Amino acid sequence: MPTVNFDKTEFISLLGKTVDDKTLSDRISMIGTDLEKVNPEIVVEVFPDRPDMLSIEGFTNALKGFMGIEKGPIEFKVHKSNYEGTVDPKVKSVRPFAVGAIVKGINFDDNTIRSLMQIQEKLHITHGRNRKKVAIGVHDLDTIKFPIRYTTMPRNFSFIPLEFDKNLTINEILKVHPKGIAYAHLLDDFKECPIWIDSNDNVLSMPPIINGDITKVTGKTKNLFIDITGTHRKSIEYALNIILMGLFIRGGEIYSFRLTDEGKDWNYPDFNSEKIELDIPYSNKILGLNLSENETAELLMKMRYGISSKSKDKLIVEIPPYRADILHPIDLVEDISISYGFENFTPEIPDIATIGQENPIEIFLRKIEEVMIGFNFFEVKNYILSNEDVLITKMLDNKRKLVKTRNAVNTEFDTVRCSLLPLLIKTLASNSHYEYPQNLFELGVVVPDQNLLEKQHLSCAICHPKANFSEIKGIFNGLLSSFGLMYSVKEEEYPYFIQGRSCSLEIDGVYIGKMGELNPEVLYNFNLEMPVSAFEIDLSIIFELFKEKI
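Listed below in structure tokens is the structure:
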């Protein structure tokens with residue numbers, strides 16, 4: 001979870017009420033965040049589903065409602081303006097979506113600058129998936145000649161990037177600028193790169209890498225233009241609204257920005273609230289309470305929601321335009337429970353006849369983890385969703401039949417993993433800058449084929465200059481010996497293992513997995529320079545065969 005640091009004096013000032021440390025600690029902890037300390041500064045871990053609380057303005061706005069200082073949503077005001085821009089169709093194949101807004105009358109003191117830098121950084125890391133999904137640029141409005149244009153430029157196009165004093169081509173920026181080096185991989189697949197450019201041909205930014213130097217924000221800046229680009233329109237709209245919320249609370253005046261995209265005019269920001277119908281009996285059943293419509297409405301308004309209408313057993317709830325986490329009425333129920341106060345719920349023993357106990361397979365899996373940790377291996381946990389490039393192409397395993405998700409948001413996570421090994425190798429590649437040896441294992445669910453049957457697998461990998469078949473076999477032998485199990489090996493060829501250095505694994509003639517040294521071509525595909533030996537086994541089969549013994 002991202003950690004945010006707030007100046008305590010400024011926090012109390014924005015809260016609008018003097019609060020002692022004990023009360024502050026209690027209320028911050030009960031709003032649904034993980035408090036680390038309140039003195040001399042406030043340090044809080046914010047859950048990923050609340051990006052609006054990553055800024056001091058957003059956090060105090062939520063806390064003011066929770067503490068009863070204010071209630072209901074912020075009443076935003078947007079002034080109409082003639083600021084305009086266009087989106088070139090060329091960007092659709094590179095970084096397709098863009099939004100923008102103007103904020104005037106900002107007093108850029110140290111607190112405002114620090115807050116703006118922090119929310120930009122935290123949104124990039126979390127909500128923006130390290131700039132891949134969302135990238136934010138902040139510019140001095142008075143240096144820009146409107147209308148502006150979001151387009152692409154060839155890699156030999158040059159401009160002066162932020163923190164440099166000379167023209168660099170796009171290729172040079174990606175190779176020598178610190179931000180270019182860090183995020184060049186986001187543009188690797190494109191011959192032309194995204195550029196915001198004004199009517200004087202001055203570059204505002206090259207998202208998601210770096211701003212232009214000419215529009216940089218200084219201590220004299222009073223008016224801002226904010227550009228946000230990305231791969232998902234709703235995500236960049238939420239990011240824009242979160243930043244504007246903070247600047248509005250700081251006293252900034254928000255002006256509209258009209259962006260023409262594929263013949264359609266988009267007016268930003270869009271502060272229109274989405275509405276969700278909440279069934280009061282449903283909420284009460286989930287929470288074990290008996291709240292009336294008015295009581296439920298009051299609790300929601302403490303969480304800064306609006307209520308557009310009430311009827312018997314129904315509320316129409318207005319969602320603040322910066323709340324990216326509200327997808328279903330159950331999300332409202334969660335906020336009702338927070339507003340009601342976790343400490344106010346009365347614990348009850350369920351009125352059921354059965355006695356709960358741990359699932360035997362979970363006990364077995366925990367023992368597997370303990371043995372692997374005892375062998376000095378580190379456990380990793382990857383997402384169950386991956387993509388065909390990692391699972392198939394880089395593994396040279398073209399015979400697999402994959403299970404893909406319907407209407408995937410992006411292509412990076414559109415396929416259910418059929419094996420743990422590819423993701424384990426990807427983890428090794430991501431950590432190649434750390435010292436060796438690296439001994440990793442993962443235990444988790446896979447869907448091996450299109451029958452959609454889930455299996456519990458274990459994959460283990462050893463990576464260092466002398467990693468070999470004998471070493472990984474010794475680990476596997478030690479693992480099964482710990483459970484008193486006997487196994488046999490059968491020479492078998494796999495495309496991702498070196499020929500002659502791989503085998504299938506069996507127990508009483510039943511196939512349970514495979515083991516071998518990784519094919520150098522696979523290592524090359526993952527940019528790994530060290531040898532890797534690995535195995536992957538089906539723990540579901542082992543458990544069913546020997547659950548009584550285990």
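Take the UniProt record's numbering: the last position of the sequence shown gets the number 550, and nothing is skipped along the way. The beta-carbon is built from N, C-alpha and C at its ideal position, and this holds for glycine as well. As the structure is a computational prediction, the values presented were derived from the model and not from experiment.
Using only the alpha-carbon positions, how far apart do residue i and residue j sit?
i, j, result
"residue 50", "residue 325", "7 Å"
"residue 25", "residue 233", "37 Å"
"residue 559", "residue 182", "Summary: the structure shown does not reach residue 559, with the chain confined to residues 1 through 550, and so no result is reported for it."
"residue 320", "residue 74", "8 Å"
"residue 335", "residue 323", "12 Å"
"residue 130", "residue 20", "37 Å"
"residue 120", "residue 534", "41 Å"
"residue 3", "residue 216", "27 Å"
"residue 278", "residue 393", "46 Å"
"residue 274", "residue 22", "36 Å"
"residue 12", "residue 18", "6 Å"
"residue 471", "residue 442", "18 Å"
"residue 195", "residue 459", "43 Å"
"residue 127", "residue 31", "20 Å"
"residue 265", "residue 96", "15 Å"
"residue 198", "residue 286", "53 Å"
"residue 530", "residue 437", "10 Å"
"residue 109", "residue 251", "12 Å"
"residue 337", "residue 429", "43 Å"
"residue 229", "residue 219", "25 Å"
"residue 14", "residue 28", "15 Å"
"residue 214", "residue 134", "23 Å"
"residue 508", "residue 190", "52 Å"
"residue 366", "residue 359", "11 Å"
"residue 139", "residue 104", "12 Å"
"residue 342", "residue 33", "13 Å"
Please report the residue range of the beta strand (DSSP E) in which residue i lies.
i, result
"residue 511", "510-518"
"residue 333", "Premise fails: residue 333 lies in the alpha helix (DSSP H), 329-340, not in any beta strand (DSSP E)."
"residue 154", "148-154"
"residue 206", "203-206"
"residue 267", "264-268"
"residue 538", "532-538"
"residue 257", "257-261"
Along the chain, where does the alpha helix (DSSP H) containing residue i start, and where does it finish?
i, result
"residue 57", "56-66"
"residue 92", "Residue 92 -> no alpha helix (DSSP H), and no H or E assigned at all."
"residue 553", "With the chain represented from 1 up to 550, any question about residue 553 goes unanswered, as that position is not in the structure."
"residue 439", "Counting along the chain, residue 439 falls outside any alpha helix (DSSP H), though it belongs to the beta strand (DSSP E) covering 438-446."
"residue 370", "360-374"
"residue 433", "Neither: residue 433 is in no alpha helix (DSSP H) and is coded neither H nor E."
"residue 171", "170-176"
"residue 240", "233-249"
Could you work out which residue in the options is closest to residue i when comparing CA atoms only?
i, options, result
"residue 452", "431, 436 and 418", "418"
"residue 510", "345, 519, 490 and 288", "490"
"residue 7", "34, 18, 40 and 17", "40"
"residue 506", "521, 492, 487 and 519", "487"
"residue 481", "293, 375, 355 and 249", "375"
"residue 148", "101, 155 and 135", "101"
"residue 454", "420, 425 and 439", "420"
"residue 446", "383, 331 and 439", "383"
"residue 55", "302, 220, 115 and 423", "115"
"residue 520", "459, 440, 473 and 467", "467"
"residue 268", "154, 237 and 344", "237"
"residue 502", "528, 532 and 479", "532"
"residue 462", "271, 57 and 377", "377"
"residue 212", "169, 241 and 37", "169"
"residue 246", "262, 226 and 263", "226"
"residue 448", "201, 412, 434 and 400", "400"
"residue 263", "33, 89, 242 and 355", "89"
"residue 457", "362, 202, 409 and 407", "362"
"residue 111", "288, 174, 296 and 5", "5"
"residue 344", "350, 288, 371 and 208", "288"
Since residue i and residue j should fall inside the 8 Å C-beta cutoff, what is the C-beta to C-beta distance between them, to a whole number of angstroms?
i, j, result
"residue 517", "residue 498", "5 Å"
"residue 293", "residue 327", "Contact flag wrong, Cβ pair sits at about 23 Å."
"residue 224", "residue 141", "6 Å"
"residue 179", "residue 106", "That belief does not hold up - the Cβ atoms of residue 179 and residue 106 are roughly 24 Å apart, past 8 Å."
"residue 398", "residue 415", "About 14 Å separates the two Cβ atoms, so there is no contact after all."
"residue 390", "residue 423", "7 Å"
"residue 145", "residue 200", "4 Å"
"residue 53", "residue 46", "5 Å"
Using 8 Å as the Cβ pair cut-off and three pairs as the minimum, do the segment 149-166 and the segment 108-127 touch?
no
Between the segment 64-73 and the segment 301-313, can you find at least three pairs of beta-carbon atoms closer than 8 Å?
yes
Do the segment 76-83 and the segment 246-262 make contact, defined as three or more Cβ pairs closer than 8 Å?
yes
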